[in-house]
Amino acid sequence: LFSQTTKSLEGFFEIGEMIREQMQGDAQLELHDTICRQVSNRVADIQEFAANHNLIFFIAGEKSSNGKVLFAECQRTNPNSHLIHAPDEFDPTLLKEGIRVGICGATSTPMWQMEALAKNISNLER
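One gets the working numbering by counting positions in the sequence shown from 1 and adding 29 to each.
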């Protein structure tokens, strides 16, 4: 069994176990863990980050597999998480007085995009 590199470790081993339970006779199953640790190692951090903010803007490319995985974890922890693809794509009506806004992104999201988003939000507050 091979896995997409951005599959969760837990999900990968659950699928392996489900397949093993259905196997008959001398059938064997080899698990080949090809999961990207750069993504799987960020899950706990992204969950903690999402839990510590009222509103999350997550920047990732439209086709980013790791962006989809990490955003799903963000949204699972904080339903008030919003996926955007560019620093100017955010909805300013979501910004309310006194909330903690978190900005994060996929492993491939350039830092300048997150900084540009922070600047765009900051400019609205003036």
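Glycine included, every Cβ here is placed at the ideal spot set by N, Cα and C.
Can you check which of these residues, the options, is closest to residue i by C-alpha distance?
{"i": "Glu144", "options": "Lys125, Phe86, Phe100 and Asn109", "result": "Phe86"}
{"i": "Leu124", "options": "His114, Gln51 and Ser110", "result": "Ser110"}
For residue i, which of helix, strand or coil comes out of DSSP?
{"i": "Phe42", "result": "helix"}
{"i": "Leu153", "result": "helix"}
{"i": "Gly90", "result": "coil"}
{"i": "Leu58", "result": "coil"}
{"i": "Ile48", "result": "helix"}
Kindly give me the distance between the Cβ atoms of residue i and residue j, rounded to whole angstroms, as I take these residues to be in contact under 8 angstroms.
{"i": "Asn83", "j": "Ile44", "result": "About 35 angstroms; that fails the 8 angstroms criterion."}
Drop a sphere of 10 angstroms on the beta-carbon of residue i, count the other beta-carbons inside from all chains shown, and report buried for 16 or more, exposed for fewer.
{"i": "Asn107", "result": "buried"}
{"i": "Pro121", "result": "exposed"}
{"i": "Glu50", "result": "exposed"}
{"i": "Glu46", "result": "exposed"}
Contact between the stretch 125 to 136 and the stretch 92 to 99: three or more CB pairs below 8 angstroms?
-> yes
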